[in-house]
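Trainee:
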Amino acid sequence: MTTIDAAASPYDGVPARYRTCRFTGLRIEANAELLIKVNAVAAVLFLAWGGLLGLLVALTRWPAIQLLPAEWFYLILTGHGANVLLFWIIFFEIAVLYFASAVILGARLATPKFAWLGFILMVVGGVMANYAVLRGDSTVMFTSYPPMMASQWFYLSLIIFAVGALIAVFVFFGTLVVAKSENTYDGSVPLVTFGAITAAIIAVFTLASGAIILIPTWLWSLGLVTEIDTLMYKVVWWGMGHSSQQINVSAHVSIWYAIGAMVLGAKPLSEKVSRTAFLMYILFLQLASAHHILAEPGMSSTWKIVNTSYMMYLAVMGSMIHGLTVPGAIEAAQRRNGFTRGAFEWLTKAPWGNPAFSGMFLSLVMFGFIGGISGVVLGTEQLNVLMHNTIYVPGHFHGTVVAGTTLAFMAMTYLVVPLIFQRDIIWPGLAKWQPFLFGIGAGGISLFMMGAGTLGVARRHWDIGLTDAAHAFEYPAAAYLMMALNGIFAVIAAAGGILFILIVVFSILGGRRLDGAGARLTFPLHDRSREVAEYGSHATIKLPGTIILVAIFFASFVLYYFVNWKYLSELWLFR
Amino acid sequence: MAITPPSNRLWWKEPIHGIELGWIVISFLWGLFMFIFMIAWHFIGEQNLSSETYRIRPEAYQEKVEAFADEFAAKDASGNPVEEEGVPVVRPPAGGDVFILARLWEFWPILELKKGESYRIHISSVDWQHGFSLQPTNINISVHPGYEHVITLTPTDSGDFGIICNEFCGLGHHTMTGRIRVVD
Numbered sequence: 001m002t003t004i005d006a007a008a009s010p011y012d013g014v015p016a017r018y019r020t021c022r023f024t025g026l027r028i029e030a031n032a033e034l035l036i037k038v039n040a041v042a043a044v045l046f047l048a049w050g051g052l053l054g055l056l057v058a059l060t061r062w063p064a065i066q067l068l069p070a071e072w073f074y075l076i077l078t079g080h081g082a083n084v085l086l087f088w089i090i091f092f093e094i095a096v097l098y099f100a101s102a103v104i105l106g107a108r109l110a111t112p113k114f115a116w117l118g119f120i121l122m123v124v125g126g127v128m129a130n131y132a133v134l135r136g137d138s139t140v141m142f143t144s145y146p147p148m149m150a151s152q153w154f155y156l157s158l159i160i161f162a163v164g165a166l167i168a169v170f171v172f173f174g175t176l177v178v179a180k181s182e183n184t185y186d187g188s189v190p191l192v193t194f195g196a197i198t199a200a201i202i203a204v205f206t207l208a209s210g211a212i213i214l215i216p217t218w219l220w221s222l223g224l225v226t227e228i229d230t231l232m233y234k235v236v237w238w239g240m241g242h243s244s245q246q247i248n249v250s251a252h253v254s255i256w257y258a259i260g261a262m263v264l265g266a267k268p269l270s271e272k273v274s275r276t277a278f279l280m281y282i283l284f285l286q287l288a289s290a291h292h293i294l295a296e297p298g299m300s301s302t303w304k305i306v307n308t309s310y311m312m313y314l315a316v317m318g319s320m321i322h323g324l325t326v327p328g329a330i331e332a333a334q335r336r337n338g339f340t341r342g343a344f345e346w347l348t349k350a351p352w353g354n355p356a357f358s359g360m361f362l363s364l365v366m367f368g369f370i371g372g373i374s375g376v377v378l379g380t381e382q383l384n385v386l387m388h389n390t391i392y393v394p395g396h397f398h399g400t401v402v403a404g405t406t407l408a409f410m411a412m413t414y415l416v417v418p419l420i421f422q423r424d425i426i427w428p429g430l431a432k433w434q435p436f437l438f439g440i441g442a443g444g445i446s447l448f449m450m451g452a453g454t455l456g457v458a459r460r461h462w463d464i465g466l467t468d469a470a471h472a473f474e475y476p477a478a479a480y481l482m483m484a485l486n487g488i489f490a491v492i493a494a495a496g497g498i499l500f501i502l503i504v505v506f507s508i509l510g511g512r513r514l515d516g517a518g519a520r521l522t523f524p525l526h527d528r529s530r531e532v533a534e535y536g537s538h539a540t541i542k543l544p545g546t547i548i549l550v551a552i553f554f555a556s557f558v559l560y561y562f563v564n565w566k567y568l569s570e571l572w573l574f575r
Numbered sequence: 576m577a578i579t580p581p582s583n584r585l586w587w588k589e590p591i592h593g594i595e596l597g598w599i600v601i602s603f604l605w606g607l608f609m610f611i612f613m614i615a616w617h618f619i620g621e622q623n624l625s626s627e628t629y630r631i632r633p634e635a636y637q638e639k640v641e642a643f644a645d646e647f648a649a650k651d652a653s654g655n656p657v658e659e660e661g662v663p664v665v666r667p668p669a670g671g672d673v674f675i676l677a678r679l680w681e682f683w684p685i686l687e688l689k690k691g692e693s694y695r696i697h698i699s700s701v702d703w704q705h706g707f708s709l710q711p712t713n714i715n716i717s718v719h720p721g722y723e724h725v726i727t728l729t730p731t732d733s734g735d736f737g738i739i740c741n742e743f744c745g746l747g748h749h750t751m752t753g754r755i756r757v758v759d
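Going down the list, the sequences are from chains A and B.
Heads up, the first sequence is in our numbering, so the first residue is 1 and it goes up one at a time.
Heads up, the second sequence is in our numbering, so the first residue is 576 and it goes up one at a time.
1. Considering Cα atoms alone, identify which of 43(A), 273(A), 170(A) is closest to residue 760(B).
2. Which residue's Cα is closest to the Cα of residue 70(A): 759(B), 757(B), 745(B), 754(B)?
3. Can residue 268(A) and residue 677(B) be called in contact, C-beta distance under 7 angstroms?
4. Can you tell me which of the three DSSP states residue 18(A) falls into?
5. With distances taken from CA atoms, which of 136(A), 113(A), 22(A) is nearest residue 78(A)?
6. Kindly identify the DSSP beta-bridge partner or partners of residue 715(B).
7. Using a C-beta to C-beta distance shorter than 9 angstroms, which residues of chain A count as neighbours of residue 679(B)?
8. Just curious, the alpha helix (DSSP H) that residue 327(A) is in, first and last residue?
9. Measure the C-alpha to C-alpha separation of residue 538(A) and residue 589(B) and round it to an integer number of angstroms.
10. Confirm, please, whether the CB-CB distance from residue 434(A) to residue 355(A) is below 7 angstroms.
11. On the criterion of 16 or more Cβ atoms from any shown chain inside 10 Å, does residue 567(A) qualify as buried, or is it exposed?
12. Give a yes or no on whether the minimum CB-CB distance between residue 603(B) and chain A is below 7 angstroms.
13. Nearest CA to the CA of residue 151(A): which residue from 132(A), 159(A), 160(A), 385(A)?
14. So residue 252(A) and residue 405(A) are in contact, right, with Cβ under 8 angstroms, and what is the actual spacing, rounded?
15. Just how far apart, CA to CA, sit residue 704(B) and residue 720(B)?
16. At 4 residues or longer, what runs of the alpha helix (DSSP H) sit wholly inside the region 78-139 of chain A?
17. Pick from 305(A), 235(A), 415(A): whose alpha carbon is nearest that of residue 359(A)?
18. Could you check the C-alpha separation between residue 672(B) and residue 642(B) for me, to the nearest Å?
19. May I ask you to report which of helix, strand or coil DSSP gives residue 150(A)?
20. Report yes if the C-beta distance between residue 450(A) and residue 486(A) is below 7 angstroms; otherwise report no.
21. Starting from residue 733(B), find everything on chain A with Cβ-Cβ shorter than 7 angstroms and list it in chain order.
22. Could you tell me whether the region 47-67 of chain A touches the region 720-733 of chain B, where touching means 3 or more Cβ pairs closer than 8 angstroms?
23. Can the beta-carbon of residue 725(B) be found closer than 7 angstroms to that of residue 621(B)?
24. In the structure shown, what three-state DSSP assignment does residue 446(A) receive?
25. Within this structure, are the beta carbons of residue 246(A) and residue 281(A) separated by less than 7 angstroms?
26. I'd like to know whether the C-beta atoms of residue 479(A) and residue 452(A) end up nearer to each other than 7 angstroms.
27. For residue 234(A), which three-state DSSP category applies?
28. For residue 382(A), go through chain B and note every residue whose CB falls closer than 8 angstroms to its CB, in chain order.
29. From the DSSP output, in three-state form, read off residue 622(B) for me.
30. Rounded to whole angstroms, what is the Cα-Cα separation between residue 536(A) and residue 545(A)?
31. Check residue 394(A) in the structure and name its three-state DSSP category.
32. From the DSSP output, in three-state form, read off residue 282(A) for me.
33. Closest to residue 87(A) by C-alpha separation, out of 301(A), 27(A), 445(A), 44(A), would be which residue?
34. What would DSSP say about residue 250(A), mapped onto helix, strand or coil?
35. Just grab the DSSP bridge partners of residue 753(B) for me.
36. Are three or more beta carbon pairs between the region 695-710 of chain B and the region 139-155 of chain A nearer than 8 angstroms?
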């Protein structure tokens, strides 16, 4: 278990090597463990770099500071998008896929050499993209809308990265086949693995959309294609750009369930309901990219309405179901653990000092309340005109991708370090506060960007003072205040992010080793002996706390939805 | 647990809890309502983005805008064309066609419209993509080169309104603005 030899692949007749985790009883194969480690480390490094770029962006958009000159601001903003939205998230997702297949199913990783090939291509793509951006001739923003052209290295780097990610996704599918054929588990795959499968299936058509649009665009940058239609580009590009966010949702919802299970012993209220909710992401997602095209010319209202909602918003319904079943499973587990008083003892007595739990629960709440509600409002045909391309849009997706996905992935890291790296978390006092620091920062930037966007502040814009503009325009003072608050909360989030990086890096390098006999975790996993006798039966289960939380969520959703219609009705008339 | 196979092998035959079922029904009905409300707003609302669009070569569009600006150029008392910051002010007739040109880095020309009157606003770009963001009323529409988008717009407030570009369009993006003046 100490050295890894690539020749140890079962394909060469050498049996796979396993160890049994002393804390979870999971059977962990050596190749799977190593590939989870390298992907997680790459993810954290890209997060550190991309997060730093994000801080520079926020400090530039803080009107009183305006840190970077304009040219650098746009360059850094392009780099920020690619590094965090793509590289951090997808490297971590690959680690999650390997975890959800090989580790949870107790199987060996299929074709470890291909897994390495995928990893290397992703690293090459990620580094090349940064090279292209830093060269200065690829300042086209993450979306790279034509006819603005980046250097060929920019498009090529994304293609290479996507090919690497696609290989990794197929290694995941291969691992599922291996687990099934070697009978490493009994019955259906666990819910977390099921969620990871939905993420992987979405990843396949996401990466296919990416290839369909990026390959011709790359050829165009080489002069081999004469024109890229701007509207067609947006429709297909968002088939990648939006669907990739649904990979994140599937992945971080799986993580919510996984952390609930590992830290509290939560089991799904109903396997059928939770799995169907995951399935809805696949079935009702693809042209949901349409909600990025609502303010474009040339697409009919019918096309927009149908494709943004598929008649009944079933992908949104999927998330709303998880919004009940995840806290519901936790409440049920906590009541089994003996916290049965009142509506909320299960929540107040939850292990808030464990960063895996606190990060997960904050992610759940902020993803629903901030990212989720604002996403549906943005994706409504007429309401989109209120916010399209204002800074409301980054406000929304920092609510989903930062406060939601990134925080969930951070929470998961607090389990990956002890269980996979077999090192204990150092500085538990600081680690305890890290999710709150980062969560409050991320929640703040989301809300204040949304506030500024409601006041009309443009996204991807260096100077809200419009100092050198052709014609002067004054934004209201409140917009300046919002952008300053955004800057302050970005500093808080950055402090939380730096703390996370330091804790993870130093835990991996110098944390107490957990592979010896008698080693204990600083942040313990669920202990079945603490459970009281079975609380109720499945048929009589009571979840008053969850019902109250969900009722508050639904009331906020409906209220905010109609507030925006009211606001829309006060605009100039247009048809 | 969510990380172990379902304890009941026939999990798809388990009954659904009343709490879950209730929430599924509420979510479904709400989704259905939100879908129907988008359609309904086309009948009960007065803010629906037009989808009237024509393909046009950027040079042809530029000629149309220049001809429009010449024809309806605002004149002062002595008959001289009115300009602000070097850009002509145009007073199109109510109900007529109005043209806005988005280019690096301005919205051209300046328009003077009458409150409560409707105008057919044509908008297109001659170079890169731009974002038409009318402030402070907060109407945001994407502008593509090669596509001429026609929106029937009725101002309901008077005063000076800014057009801010909110689609990144290169190093001068933050200097790209325009103006619409609405008079009573």
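Even glycine gets a Cβ: it sits at the ideal position worked out from N, Cα and C.
Mentor: Concretely, from the data shown:
1. Nothing in the structure corresponds to residue 760(B), since chain B is present only between 576 and 759.
2. Taking the first sequence and counting its residues from 1, the one referred to as residue 70(A) is at position 70. Considering only alpha carbons, the answer is 745(B).
3. As a first step, residue 268(A) is located in the first sequence; it is residue number 268 there, counting from the start. As a first step, residue 677(B) is located in the second sequence; it is residue number 102 there, counting from the start. No, they are not a contact pair.
4. In the first sequence, the residue the question calls residue 18(A) occupies position 18. Strand.
5. Taking the first residue of the first sequence as position 1, residue 78(A) is located at position 78. By alpha-carbon distance to residue 78(A), the top candidate from 136(A), 113(A), 22(A) is 136(A).
6. Residue 715(B) sits at position 140 when you count from the first residue of the second sequence. According to DSSP, which records beta bridges pairwise, residue 715(B) is partnered with 708(B).
7. Within the second sequence, residue 679(B) is the residue found at index 104, counting from 1. Going along chain A, no residue has its Cβ under 9 angstroms from residue 679(B), so there is no contact; the nearest lies around 11 angstroms.
8. On the first sequence, position 327 is the one that residue 327(A) refers to. 314-336 is the extent of the alpha helix (DSSP H) around residue 327(A).
9. Within the first sequence, residue 538(A) is the residue found at index 538, counting from 1. Within the second sequence, residue 589(B) is the residue found at index 14, counting from 1. Because residue 538(A) sits at a pLDDT of 48, beneath the cut-off of 50, its placement in the model cannot be relied upon, and the point is left open.
10. Here residue 355(A) is taken as the residue at index 355 of the first sequence, counted from 1. Here residue 434(A) is taken as the residue at index 434 of the first sequence, counted from 1. Residue 355(A) is a Cβ neighbour of residue 434(A), given a cutoff of 7 angstroms.
11. To locate residue 567(A), count along the first sequence from 1; it is residue 567. Exposed, by the Cβ-count rule.
12. Stepping through the second sequence from its first residue, residue 603(B) is reached at position 28. Closer than 7 angstroms to some Cβ of chain A, the Cβ of residue 603(B) qualifies, so yes.
13. Taking the first residue of the first sequence as position 1, residue 151(A) is located at position 151. With distances taken between Cα atoms, residue 151(A) lies closest to 132(A).
14. Locating residue 252(A) in the first sequence gives position 252, where the first residue counts as 1. Locating residue 405(A) in the first sequence gives position 405, where the first residue counts as 1. Confirmed, about 5 angstroms.
15. Working through the second sequence from its first residue, we reach residue 704(B) at position 129. Working through the second sequence from its first residue, we reach residue 720(B) at position 145. Straight-line measurement puts the Cα of residue 720(B) at about 6 angstroms from the Cα of residue 704(B).
16. As far as the region 78-139 of chain A is concerned, its whole alpha helix (DSSP H) runs of at least 4 residues are 89-98, 112-135.
17. Taking the first sequence and counting its residues from 1, the one referred to as residue 359(A) is at position 359. For the residues 305(A), 235(A), 415(A), the minimum Cα distance to residue 359(A) belongs to 415(A).
18. Working through the second sequence from its first residue, we reach residue 672(B) at position 97. Working through the second sequence from its first residue, we reach residue 642(B) at position 67. In a straight line, the C-alpha of residue 672(B) is about 12 angstroms away from that of residue 642(B).
19. Here residue 150(A) is taken as the residue at index 150 of the first sequence, counted from 1. Correct three-state label for residue 150(A): coil.
20. For the purposes of this step, residue 450(A) is taken as residue 450 along the first sequence, with counting starting at 1. For the purposes of this step, residue 486(A) is taken as residue 486 along the first sequence, with counting starting at 1. Against a cut-off of 7 angstroms, the Cβ pair of residue 486(A) and residue 450(A) comes out as no contact.
21. Counting from 1 along the second sequence, the entry for residue 733(B) is found at position 158. In chain order: nothing, as chain A lies at least about 11 angstroms away.
22. no
23. Here residue 725(B) refers to the residue found at position 150 when the second sequence is read from its first residue. Here residue 621(B) refers to the residue found at position 46 when the second sequence is read from its first residue. For the 7 angstroms CB-CB criterion, residue 725(B) and residue 621(B) do not form a contact.
24. Position 446 of the first sequence, counting from 1, holds the residue named residue 446(A). Here residue 446(A) sits in helix by DSSP.
25. Translated into the one-based positions of the first sequence, residue 246(A) becomes position 246. Translated into the one-based positions of the first sequence, residue 281(A) becomes position 281. Result yes, Cβ atoms of residue 246(A) and residue 281(A) sit closer than 7 angstroms.
26. As a first step, residue 479(A) is located in the first sequence; it is residue number 479 there, counting from the start. As a first step, residue 452(A) is located in the first sequence; it is residue number 452 there, counting from the start. Yes. Within cutoff.
27. Reading the first sequence from its first residue, position 234 is the one you call residue 234(A). Residue 234(A): helix per DSSP, three-state reduction.
28. Residue mapping note: residue 382(A) aligns to position 382 of the first sequence, counting from 1. Taking the beta carbon of residue 382(A) as reference, the chain B residues within 8 angstroms of it are 613, 616, 620, 622, 623, 624, listed in sequence order.
29. Position 47 of the second sequence, counting from 1, holds the residue named residue 622(B). DSSP places residue 622(B) in strand when its eight states are reduced to three.
30. For the purposes of this step, residue 536(A) is identified with residue 536 of the first sequence, where counting begins at 1. For the purposes of this step, residue 545(A) is identified with residue 545 of the first sequence, where counting begins at 1. Note that residue 536(A) has pLDDT 46, beneath the 50 cutoff, so the model's placement of it is unreliable and no number is given.
31. Here residue 394(A) is taken as the residue at index 394 of the first sequence, counted from 1. Residue 394(A) falls in the helix class under three-state DSSP.
32. In the first sequence, the residue the question calls residue 282(A) occupies position 282. Helix, per DSSP.
33. If you number the first sequence from 1, residue 87(A) lands on position 87. The residue among 301(A), 27(A), 445(A), 44(A) with its C-alpha nearest the C-alpha of residue 87(A) is 44(A).
34. By one-based count along the first sequence, residue 250(A) stands at place 250. In the three-state DSSP reduction, residue 250(A) falls in the helix class (H, G or I).
35. For the purposes of this step, residue 753(B) is taken as the residue at position 178 of the second sequence. Here residue 753(B) is bridged, per DSSP, to 738(B).
36. Flag = yes, the region 695-710 of chain B and the region 139-155 of chain A touch.
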